[in-house]
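The block underneath contains the structure these notes are about, expressed in structure tokens.
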Amino acid sequence: MADTKDKAKKVAPAKAKVQAKPTFSKETYMWWYENMKLMRRFEEKAGQLYGQQKIKGFCHLYIGQEACVAGAVTALTKDDKWITAYRDHAHPLALGTDPGAIMAELFAKATGCSKGKGGSMHMFDKEVNFMGGHGIVGAQVPLGAGIAFAEKYNKTGNLCICYMGDGAVRQGAFHEALNMAMTWKLPVIFVIENNGYAMGTSVERTSNVQQLYTLGESYDMPSFPVEAMSVENVHEAVAEAAARARAGEGPTLLEFRTYRYKGHSMSDPAKYRTKEELEDYKSRDSIEAVKATILLNKWATEEELEQIDEQAKQKVAEAVKFAEESPYPDPSELYTDIYAESDYPYIMD
Amino acid sequence: MRSIQFREALREALSEEMRRDERVFLMGEEVAEYNGAYKVSQGMLDEFGPERVVDTPIAELGFAGIGVGAAMNGLRPVIEFMTFNFSLVAIDQVINAAAKLMSMSGGQYGAPMVFRGPTGSAGMLSSQHSQNFENWYANTPGLKVVVPSNPYDAKGLLKSAIRDNDPVIFMESEQMYGDKGEVPEEEYLLPIGVADIKREGTDVTIVSFGKIMKVALAAADELAKEGINAEVIDLRTVRPIDYKTLVESVKKTNRMVVVEEAWPLASISAELAYHIQSNAFDYMDAPVKRVTCRDVPLPYAPTLIEASLPNVARTVEAVKQVMYKKA
Chain H
8 MADTKDKAKK
18 VAPAKAKVQA
28 KPTFSKETYM
38 WWYENMKLMR
48 RFEEKAGQLY
58 GQQKIKGFCH
68 LYIGQEACVA
78 GAVTALTKDD
88 KWITAYRDHA
98 HPLALGTDPG
108 AIMAELFAKA
118 TGCSKGKGGS
128 MHMFDKEVNF
138 MGGHGIVGAQ
148 VPLGAGIAFA
158 EKYNKTGNLC
168 ICYMGDGAVR
178 QGAFHEALNM
188 AMTWKLPVIF
198 VIENNGYAMG
208 TSVERTSNVQ
218 QLYTLGESYD
228 MPSFPVEAMS
238 VENVHEAVAE
248 AAARARAGEG
258 PTLLEFRTYR
268 YKGHSMSDPA
278 KYRTKEELED
288 YKSRDSIEAV
298 KATILLNKWA
308 TEEELEQIDE
318 QAKQKVAEAV
328 KFAEESPYPD
338 PSELYTDIYA
348 ESDYPYIMD
Chain G
2 MRSIQFREAL
12 REALSEEMRR
22 DERVFLMGEE
32 VAEYNGAYKV
42 SQGMLDEFGP
52 ERVVDTPIAE
62 LGFAGIGVGA
72 AMNGLRPVIE
82 FMTFNFSLVA
92 IDQVINAAAK
102 LMSMSGGQYG
112 APMVFRGPTG
122 SAGMLSSQHS
132 QNFENWYANT
142 PGLKVVVPSN
152 PYDAKGLLKS
162 AIRDNDPVIF
172 MESEQMYGDK
182 GEVPEEEYLL
192 PIGVADIKRE
202 GTDVTIVSFG
212 KIMKVALAAA
222 DELAKEGINA
232 EVIDLRTVRP
242 IDYKTLVESV
252 KKTNRMVVVE
262 EAWPLASISA
272 ELAYHIQSNA
282 FDYMDAPVKR
292 VTCRDVPLPY
302 APTLIEASLP
312 NVARTVEAVK
322 QVMYKKA
């Protein structure tokens, strides 16, 4: 865990370190590498297809932030619940949702994980406990607390991990949810993916309080910054927060310091930041760090890792093929999935 | 039959459903230790404990969202707003979350829950505490909106709302909580989306819902003295609307007056007038008239309130207009 009292003006993640004596197993590293590569390749392809107009609507890519999800998956159990905002392709991918279902959703196809009714911002997959995919900044934070409320109510021992961007912490919903979650000791891990920019507005321009994790301290919540270009840091921080949640001690606020290599959305040329800043972050790439650790520990050869990357590309290619060949929702689907009641009398004139 | 207060009818509905289903809980401001701002939940903390009768801070957006999250994850929350005037700070969670989850998740997640509390004016409370949002919520697909007018309907409809698998907005009135009415001891449920003919008649159809049903019924009494036999329909639900009962009545009476507490523009009465001209045009002997709150924020002074709210005199006048009778 990084220095919890970091008062540096600029939120800058430290360089992800190559682990000569890693605390995690070969299997964990190999899982990280495989899944982070899949996220990266998937998003690269999504960006490309967006450029070709095959993917429409808004589209927010996860490139650069892969460690934020990968490290949390290995720290949690399959019964824990996940929720995030609209930068949401990578979470279900890492949880095991079929890449074809996610790509088909981007293509607005009936075979998409939300049947073509949600699109890029509204991925859902109940099978893997991925509860969306929400489009109003910060509004998923009370939802995450509510999901955790249900786990506590039912005494399951499970928790909810609730992601948000750095922009969300300026919303009232965030503060109200943190206050109640801490007062009621709800089993929830709040994660701020601080990539430095709320769309085009830097963290520095949105408040005098720039150490975002300190906002949790207002509610006496255990709150920590995490240098999240390192997947090991993410895993450790989430594991500690999960232990607190399962012990009945309530929520934790984690500020993941990360970076998105691409613009806020596909229409954003990201002119508000310098090329040097971007290159600096890319030099700290979390996937490259995992790769270096695997090689250093001789868990796989360069060629074997190359092959894993090829497999990721192959999976993405198959996902695209599936999405391309899938049908759009039939117009008769217009009046389905709105009410649980099957014969709701819609106004038809 | 025994007679109980509106608030007691609601309490019975809540308590019966909480005994029946462990997943049901009540959350809101002052619902537990204070026994409810309007004593709807009196004694419920003692019976169900603080895990199921949950006091919140004054944070409507936050606790409405926590309710939606809990509903997504298998519980059946009843979220109390002290008044629907305060629901405006929570409306994002109602419209953008509760009403949209089912659609945007392709049917995987929904929000089986109730948002309830009083709506409309309640004496001299001035403009921020005297507003009707029935039509606002009714506009949104994904929601159901129930507005009962008496203790019997309130109990049967609230029980149905809690058992409903979709998010239900359930609107009461501060001015009805003390109303007494006959409510049977034995369990019953009333279906959502079915209007009730509260008074049968032949000359004109008066349609209303919620607290303002009192005005509609009192106007019908006045009209009866003058030999006008009004049929009075209580919509009970404004999403979905029971258009069939309405059209059938108008086919009989050939005239319709709608009485509603909300502002006129884009109101339920506007929707009803549209539907009737579209579906019963050939049966109409006069244009539809409506009596609504005046198109202004409701002020504090009693003279101004009297000048704004729908009342018996305005309703009687509207009926006479559609009957081409001199006032």
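Heads up: the sequence lines are chains H and G, in that order.
With my numbering applied, the first sequence closes on residue 356, and no number is skipped along the way.
With my numbering applied, the second sequence closes on residue 328, and no number is skipped along the way.
Beta carbons: idealized from backbone N, C-alpha and C, even for Gly.
Only a predicted model underlies this, so the values are computations on that prediction, with no experimental measurement involved.
Extract the residue ranges of the alpha helix (DSSP H) inside the region 68 to 150 of chain H, only unbroken runs of 4 or more that lie entirely within it. Taken in chain order, the whole alpha helix (DSSP H) runs of length 4 or more contained in the region 68 to 150 of chain H are 73 to 80, 97 to 102, 106 to 113.
Would you identify the three-state DSSP class for H:N201, choosing helix, strand or coil? Reading the first sequence from its first residue, position 194 is the one you call residue 201 of chain H. Judged by DSSP in its simplified three-state form, H:N201 adopts strand.
Whole angstroms is fine: what's the gap from G:N151's alpha carbon to G:G124's? Along the second sequence, one-based indexing puts residue 151 of chain G at 150. Along the second sequence, one-based indexing puts residue 124 of chain G at 123. Rounded to whole angstroms, G:N151 to G:G124 spans 19 Å at the Cα level.
Check whether the region 129 to 143 of chain G touches the region 328 to 338 of chain H, counting contact only when three or more Cβ pairs, one atom from each stretch, lie closer than 8 Å. Judged by Cβ distances under 8 Å, the region 129 to 143 of chain G makes no contact with the region 328 to 338 of chain H, as fewer than three pairs qualify.
Below 7 Å on C-beta distance, what does G:Y301 contact in chain H? For this step, residue 301 of chain G is matched to residue 300 along the second sequence. Listed along the chain, the chain H residues whose CB falls inside 7 Å of the CB of G:Y301 amount to none; the nearest CB is some 29 Å away.
Residues near G:D243 in its chain [Cβ-Cβ closer than 7 Å; skip 5 each side]: Translated into the one-based positions of the second sequence, residue 243 of chain G becomes position 242. Here the set comprises G194, V195, A196, L236.
Chain-ordered residues of the region 64 to 85 of chain G with a beta carbon less than 7 Å from chain H: For the region 64 to 85 of chain G, which is checked against every Cβ of chain H, the residues closer than 7 Å are F64, G66, I67, G68, V69, G70, A71, M73, N74, G75, L76.
Could you give the DSSP three-state label for G:V317: helix, strand or coil? Within the second sequence, residue 317 of chain G is the residue found at index 316, counting from 1. DSSP places G:V317 in helix when its eight states are reduced to three.
Kindly list, in the order they appear in chain A, the residues whose Cβ is closer than 9 Å to that of G:A139. The structure shown contains no chain A; the protein chains it does contain are H and G.
Where G:T238 sits in the DSSP three-state scheme: Here residue 238 of chain G refers to the residue found at position 237 of the second sequence. Annotated three-state conformation of G:T238 is strand, per DSSP.
What does H:S121 touch in chain G if you count any residue whose Cβ is under 8 Å from its own? Counted from its first residue, the first sequence places residue 121 of chain H at position 114. Per Cβ cutoff of 8 Å: M105, S106, G107, Q109.
Classification of H:T259 by the beta-carbon crowding that lies within 10 angstroms, buried from 16 upward: The residue you call residue 259 of chain H lines up with position 252 of the first sequence. With 16 or more Cβ atoms within 10 Å of its Cβ, H:T259 is classed as buried.
Closer than 8 Å by C-beta to H:V327: which residues in its own chain qualify, once you throw out the five before and the five after it? Chain order, please. Start at 1 with the first residue of the first sequence, and residue 327 of chain H comes out as number 320. Closer than 8 Å at Cβ, skipping near neighbours: K52, L56, M110.
Is there a C-beta anywhere in chain G that falls below 8 Å from the one on H:A252? Here residue 252 of chain H refers to the residue found at position 245 of the first sequence. For H:A252, not one C-beta of chain G is nearer than 8 Å to its own C-beta.
Leaving out five residues on either side along the sequence, give the residues of the same chain with a beta carbon under 6 Å from the beta carbon of G:A219. For the purposes of this step, residue 219 of chain G is taken as residue 218 along the second sequence, with counting starting at 1. Spatial neighbours of G:A219 in its own chain (CB-CB distance under 6 Å, excluding positions within 5 residues in sequence) are listed in chain order as V313.
Pair every Cβ in the region 274 to 288 of chain G with every Cβ in the region 215 to 229 of chain G, then say whether three or more of these pairs are closer than 8 Å. As far as the Cβ criterion goes, the region 274 to 288 of chain G does not touch the region 215 to 229 of chain G, which means the pair count is below three.
Check for me: the alpha helix (DSSP H) holding H:V297 runs from which residue to which? Locating residue 297 of chain H in the first sequence gives position 290, counting from the first residue. Segment 293 to 303, the alpha helix (DSSP H) holding H:V297.
I'd like to know whether the C-beta of H:F131 is nearer than 8 Å to at least one C-beta of chain G. As a working note, residue 131 of chain H is residue 124 in the first sequence. It does; some Cβ of chain G falls within 8 Å.
Run through chain H and tell me which residues come within less than 8 Å of G:D93, C-beta to C-beta. Here residue 93 of chain G is taken as the residue at index 92 of the second sequence, counted from 1. Proximity of chain H to G:D93 at the Cβ level (cut-off 8 Å) is accounted for by I143, A146, A180, in chain order.
Where G:G143 meets chain H, residues with beta-carbon distance less than 9 Å: Here residue 143 of chain G is taken as the residue at index 142 of the second sequence, counted from 1. The contacting residues are I345, Y346.
H:P149 at chain G interface by Cβ criterion, 8 Å: For the purposes of this step, residue 149 of chain H is taken as residue 142 along the first sequence, with counting starting at 1. Using a CB distance cut-off of 8 Å, H:P149 counts as an interface residue toward chain G.
Would the beta-carbon of H:K63 fall within 8 Å of that of H:A115? For the purposes of this step, residue 63 of chain H is taken as residue 56 along the first sequence, with counting starting at 1. For the purposes of this step, residue 115 of chain H is taken as residue 108 along the first sequence, with counting starting at 1. For H:K63 and H:A115, yes; Cβs fall inside 8 Å.
Put G:G68 into one of helix, strand or coil per three-state DSSP. To locate residue 68 of chain G, count along the second sequence from 1; it is residue 67. Three-state result, G:G68: helix.
What's the call for H:N215, buried or exposed, on a 16-neighbour Cβ count within 10 Å? Residue mapping note: residue 215 of chain H aligns to position 208 of the first sequence, counting from 1. Flag for H:N215 reads exposed.
H:I368 (DSSP reduced to helix, strand or coil): Examination of residue 368 of chain H is not possible in this model, given that chain H is present from 8 through 356 alone.
Only counting runs of 4 or more residues, tell me where the alpha helix (DSSP H) segments fall wholly within the region 94 to 151 of chain G, in order along the chain. Qualifying alpha helix (DSSP H) stretches, in chain order: 102 to 105, 135 to 139.
Are there three or more Cβ pairs, one per stretch, closer than 8 Å when the region 36 to 48 of chain H is compared with the region 255 to 270 of chain H? The region 255 to 270 of chain H and the region 36 to 48 of chain H do not touch, with fewer than three beta-carbon pairs separated by less than 8 Å.
Under 7 Å between beta-carbons, which chain G residues line up against H:E183? List them in chain order, please. The residue labelled residue 183 of chain H in the question sits at position 176 within the first sequence. For the C-beta of H:E183, the chain G residues within less than 7 Å are, from N- to C-terminus, A60, L62, G63.
Leaving out five residues before and five after G:A319 in sequence, what residues of the same chain have Cβ atoms less than 6 Å from its Cβ? One-based indexing of the second sequence puts residue 319 of chain G at position 318. Closer than 6 Å at the Cβ level, and outside the excluded window around G:A319, lie V258, K290, V292.
Let me know the secondary structure DSSP gives G:E272 once reduced to three states. For the purposes of this step, residue 272 of chain G is identified with residue 271 of the second sequence, where counting begins at 1. The DSSP-derived three-state label of G:E272 is helix.
So, helix, strand or coil for H:P7, using DSSP? Outside the shown range of chain H, which is 8 to 356, sits residue 7 of chain H, and nothing can be said about it.
Which runs of the alpha helix (DSSP H) at least 4 residues long sit entirely within the region 185 to 271 of chain H? Give them in chain order. Considered as a whole, the region 185 to 271 of chain H harbours 221 to 224, 238 to 253 as its complete alpha helix (DSSP H) runs of no fewer than 4 residues, in chain order.
Range of the contiguous alpha helix (DSSP H) that encloses G:I59: Reading the second sequence from its first residue, position 58 is the one you call residue 59 of chain G. Note, G:I59: premise wrong, no alpha helix (DSSP H); not H, not E.
Quick one: list the residues of chain H neighbouring G:D167, beta-carbon separation under 7 Å, in chain order. Position 166 of the second sequence, counted from the start, is the residue given in the question as residue 167 of chain G. Neighbours of G:D167 on chain H, chain order: Y346, A347, E348.
With distances taken from CA atoms, which of G:V148, G:M324, G:P288 is nearest G:P241? Sequence index remark: in the second sequence, residue 241 of chain G carries index 240 (1-based). For G:P241, the nearest C-alpha among the options comes from G:V148.
Cross-chain neighbours of H:P352 in chain G, by beta carbon under 8 Å: Taking the first residue of the first sequence as 1, we reach residue 352 of chain H at position 345. Neighbours of H:P352 in chain G, taken as residues at a C-beta separation under 8 Å, are given in chain order as G194, P241.
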